[in-house]
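> First the structure, then my questions, so here it is.
There are 4 protein chains.
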Amino acid sequence: MSVGTPDPNPSGSAPEPNSAWLSDLELADIRRRVPILYVEAVPVRLDGTGQVSRVGVLLRGDAWGKITRTLVSGRVLYGETVRHALFRHLEKDLGPMAFPQLPPSPVPFSVAEYFPIPGFSGYVDERQHAVALAYVVPVTGTCEPRQDALEITWMTPDEASSPEIHDEFEGGRGTLLRTALASVGVLGNP
Amino acid sequence: MSVGTPDPNPSGSAPEPNSAWLSDLELADIRRRVPILYVEAVPVRLDGTGQVSRVGVLLRGDAWGKITRTLVSGRVLYGETVRHALFRHLEKDLGPMAFPQLPPSPVPFSVAEYFPIPGFSGYVDERQHAVALAYVVPVTGTCEPRQDALEITWMTPDEASSPEIHDEFEGGRGTLLRTALASVGVLGNP
Amino acid sequence: MSVGTPDPNPSGSAPEPNSAWLSDLELADIRRRVPILYVEAVPVRLDGTGQVSRVGVLLRGDAWGKITRTLVSGRVLYGETVRHALFRHLEKDLGPMAFPQLPPSPVPFSVAEYFPIPGFSGYVDERQHAVALAYVVPVTGTCEPRQDALEITWMTPDEASSPEIHDEFEGGRGTLLRTALASVGVLGNP
Amino acid sequence: MSVGTPDPNPSGSAPEPNSAWLSDLELADIRRRVPILYVEAVPVRLDGTGQVSRVGVLLRGDAWGKITRTLVSGRVLYGETVRHALFRHLEKDLGPMAFPQLPPSPVPFSVAEYFPIPGFSGYVDERQHAVALAYVVPVTGTCEPRQDALEITWMTPDEASSPEIHDEFEGGRGTLLRTALASVGVLGNP
């Protein structure tokens, strides 16, 4: 049932730091009352001149066994900087040896607005109204997806721009991925 | 005592659309549990070539009679797009005849992170952890501040870059104003 | 045969202001020695909230009768600001009643590098090495293409994102158009 | 007498690759006829979360012994990508062990327009009309200035934002430095 922005605190796993006091019920209540702030990241590999050569896309299975592609994504906690949230979710989704190079600028390449009902924007998350600051993040180490991500696939920008890959994302994130590619000057042909 | 990000629903005034169900108490509770999403706007006048010629700064008095300078600012409501929130707060603070030209891009010039305790970032809001998407917004009409803003002052970019003006802002917003000027290429000398 | 960046001073038309001293021969010589600075613009219509609702694409015929799509584009002259060059080429290509709203920020949404030989970047201009600063520019008036442009077509962002439209551009500008759409958050499906 | 944008090919040193055919006289002639494309870079050190902790400023002596501060800067050659020009000038000014991390995005944080005569923009270069694409570039290695730069000074963002440092730059580059700091969210008080 759950799509789009992944739950930052899936039942069964340890609670996140600082959020032990926010139970699933309380979070569910807040999600119906204010927009929830998220960060999203598109992990990339750079060549020697800083140009993006590969894009990392996560493969994730949900509770019903459905496989979809997604990006690094998660909630910003109370008292946490955007930068720390970004780092925490990169480590959560890519493992501790990914060595992400967080961008010096806090300005995202795009702001993705997820609404529970389609039609307000290009992005949908049936659980909540979420607003995500999205970043392109170079990684230099080894990525080993953790939690509920099955694997990370490294594609060329052209592959990642294809209609086939677009259709494997949910909630509109295929568009967010291509917007990321455009922001770094490597959007492929349609 | 309240400084920084202005209260979106000041006691005594009519409640905002869509938020009647969120009482002051409930909002106060949520503010201690998740970061609250804000928009901020720096109103500007452009010359014929699109260059910023004047910057609008609000003068506001608080409940204790203290006068401070501030920017257009307010909360994004549940179910509301960032764009609509921006428009609503511009109208709230500048009046219905300001005719703001909202930017085509949803990417802010900066992301200002306000924490209740100083030292986490350059911005402080003792009431809450707020994350503000900040935009430069050209206005072409007549600005008549409403609500608790006393007046709007139009300054040259050089005047707005001065240490004196910087010190009249609270919560670090003087830096946000100069960051806005830098983003449109008109930051004055220090 | 000439494609890509349109000639700023087509033979048969009046020379541009300030450039009378730069003959076709001299310009041809300089074009083999330094990169030439260009501006490019994607004209757009905005809805009441500032969101892009339509994108303007030019239709142009070359000396051999071939019809291709293109963007507003032209050279920055010696002594001319980027802003004035942008305004001049918008007027040249859209007519004097287009009323373009030049962006307050001098930062382009992308930098397109055109090389005479394919493979260095996504963009090709067989006449020269040109570097173009590209902007999204809202227009509020009536557009009447002048010079060698046949007409301007207003498309929805989804139409402008299609493979068919992409293929009607030359020199890689279809990608630049979609990069523009991505920068304002309205890139359509591939 | 020469200030502002440093000569990419100072007499006495070896000519740059690809430009052997462009003599000093020819370059001087072209500089009076078209705007010359430059890149500029503000080298920075990042902390573990990607935030800028130090800014690198060059100290340079001219032929008359006058000492001024400046940024990494130089011309884009014919046939050279902006990215390669940026890398080449970073190596020229910071040495081969600086290990700059070129940004994945080709979009500069600002476009600085230098005119021979003051008043057209905030930037002046008496030798030419130059348009510079300016980038913030993290460096992870050891910087050893070469050529005519005397040394590199690493400052905190607050120090680099001060009026004293501003006044030690020529051609308006103190403003470009503070614009760089603003773009990465660390502009200090005026």
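Protein chains in written order, with this note's numbering: chain R, 1 to 190; chain L, 191 to 380; chain A, 381 to 570; chain B, 571 to 760.
Here a beta-carbon is modelled for each residue, glycine too, at the ideal position from N, C-alpha and C.
Using CA coordinates, which residue listed in L/A372, L/S351, L/S373 and L/G378 is at the minimum distance from L/V247?
L/S351
> In angstroms, rounded to a whole number, what distance separates the CA positions of B/V677 and A/R434?
24 Å
> Name the chain L residues that come within less than 9 Å of B/L757, Cβ to Cβ?
G312, T365, R368, T369, A372 and L377
> Residues of chain B with CB under 7 Å from A/E493, in chain order?
Per Cβ cutoff of 7 Å: T651 and V652.
> Which residue marks the beginning of the beta strand (DSSP E) containing R/T142, and which one marks its end?
Neither: R/T142 is in no beta strand (DSSP E) and is coded neither H nor E.
> Go ahead and pull the three-state DSSP assignment for A/P537.
A/P537: helix per DSSP, three-state reduction.
> Taking B/P666 as the query, report the chain R residues whose CB atoms sit under 7 Å from its CB, ordered along the chain.
By Cβ distance, chain R contributes nothing, its closest Cβ being about 13 Å from B/P666, past 7 Å.
> How is the beta strand (DSSP E) around L/T258 delimited, first residue to last?
I257 to T260
> From R/R173 to R/V76, what distance separates their C-alpha atoms?
So the alpha carbons of these two residues sit roughly 19 Å apart.
> Note down the Cα distance separating R/L37 from B/E740, rounded to an integer number of angstroms.
Spanning the two alpha carbons is a distance of roughly 43 Å.
> Using the Cα positions of B/E586 and B/V609, report the straight-line distance between them to the nearest angstrom.
Unreliable placement is indicated for B/E586, whose pLDDT of 44 sits below 50; the coordinate value is still reported in the next sentence. Cα to Cα, the separation comes out at about 16 Å.
> Using the three-state DSSP reduction, which class does R/P17 fall into: helix, strand or coil?
At R/P17, the pLDDT of 45 sits below 50, so the modelled position is not reliable; the number obtained from the coordinates is stated separately. Three-state DSSP puts R/P17 in coil, outside helix and strand.
> Out of R/R83, R/T179, R/T175 and R/P157, point me to the one whose CA is closest to R/L46's CA.
Out of R/R83, R/T179, R/T175 and R/P157, the CA that lies nearest to the CA of R/L46 is found in R/P157.
> Are at least three pairs of beta-carbons, each pair with one atom in the stretch 406-416 of chain A and one in the stretch 514-522 of chain A, less than 8 Å apart?
No: the two stretches stay apart, fewer than three of their Cβ pairs being nearer than 8 Å.
> Looking at the C-beta of B/M571, does it have a partner C-beta in chain R at a distance below 8 Å?
The predicted model places B/M571 with a pLDDT of 29, which falls under 50 and marks its position as unreliable; any figure quoted below should be read in that light. Taking Cβ atoms only, chain R never reaches closer than 8 Å to B/M571, which makes this a no.
> Taking contact to mean at least 3 C-beta pairs separated by less than 8 Å, is the stretch 519-527 of chain A in contact with the stretch 465-477 of chain A?
yes
> L/R250 and L/G285 - do their beta-carbons sit closer together than 8 Å?
no
> Along the beta strand (DSSP E) that carries R/V42, what are the first and last residues, could you check?
I36 to L46
> If you draw a straight line from the C-alpha of R/S183 to the C-alpha of B/S675, how long is it?
6 Å
> What distance in whole Å lies between the Cβ atoms of L/V321 and L/V225, which are believed to be in contact at a cut-off of 8 Å?
Note on residue identity: the sequence assigns Pro, not Val, to residue 225 of chain L. 5 Å between Cβ atoms; contact.
> Quick check: the Cα distance between R/E80 and L/Y268, rounded to an integer number of angstroms?
21 Å
> List the residues that DSSP assigns as beta-bridge partners of B/E683.
B/V701
> Where R/A85 and R/G74 are concerned, what is the direct C-alpha to C-alpha distance, given to the nearest angstrom?
8 Å
> Can you list the residues of chain B that A/V422 reaches, using a CB-CB cut of under 8 Å?
Residues of chain B passing the Cβ test: none, with the nearest at roughly 15 Å.
> Mind listing which residues of the stretch 536-551 of chain A have their C-beta closer than 8 Å to chain R's C-betas, in chain order?
So the list reads S541, S542, P543 and H546, given in the order they occur along the chain.
> Between A/R507 and chain B, is the shortest Cβ-Cβ distance under 8 Å, so that the two count as touching?
By this cut-off, A/R507 is not an interface position.
> Does the beta-carbon distance from L/L367 to A/G430 come in below 8 Å?
no
> Cβ closer than 9 Å: which chain L residues qualify as neighbours of R/L37?
Going along chain L in sequence order, the residues near R/L37 (Cβ under 9 Å) are V224, P225, I226, L227 and V321.
> Quick one: Cα of A/A492 to Cα of B/I637, how far?
36 Å
> Which partner residues does R/R75 have in the DSSP bridge list?
According to DSSP, R/R75 bridges with R/Y38.
> Select from L/D357, L/W344, L/P353 and L/E358 the residue whose C-alpha is nearest the C-alpha of L/V232.
Closest option to L/V232, Cα to Cα, is L/W344.
> Examine chain L for any beta-carbon lying closer than 8 Å to the beta-carbon of R/L22, and answer yes or no.
Chain L, which has a Cβ nearer than 8 Å to the Cβ of R/L22, makes this yes.
> Need the endpoints of the beta strand (DSSP E) that A/S433 sits in, please.
V432 to G441
> Please report the distance separating the alpha-carbon of R/F99 from that of B/G618.
CA-CA distance, R/F99 to B/G618, rounds to 10 Å.
> Under three-state DSSP, which class holds R/L201?
The requested residue 201 of chain R is not part of the displayed model; chain R covers only 1 to 190.
> On the premise that A/T555 lies in contact with A/G502, defined as a C-beta separation below 8 Å, what is that separation, rounded to the nearest angstrom?
With 8 Å as the limit, A/G502 and A/T555 qualify as a contact, their Cβ atoms being about 5 Å apart.
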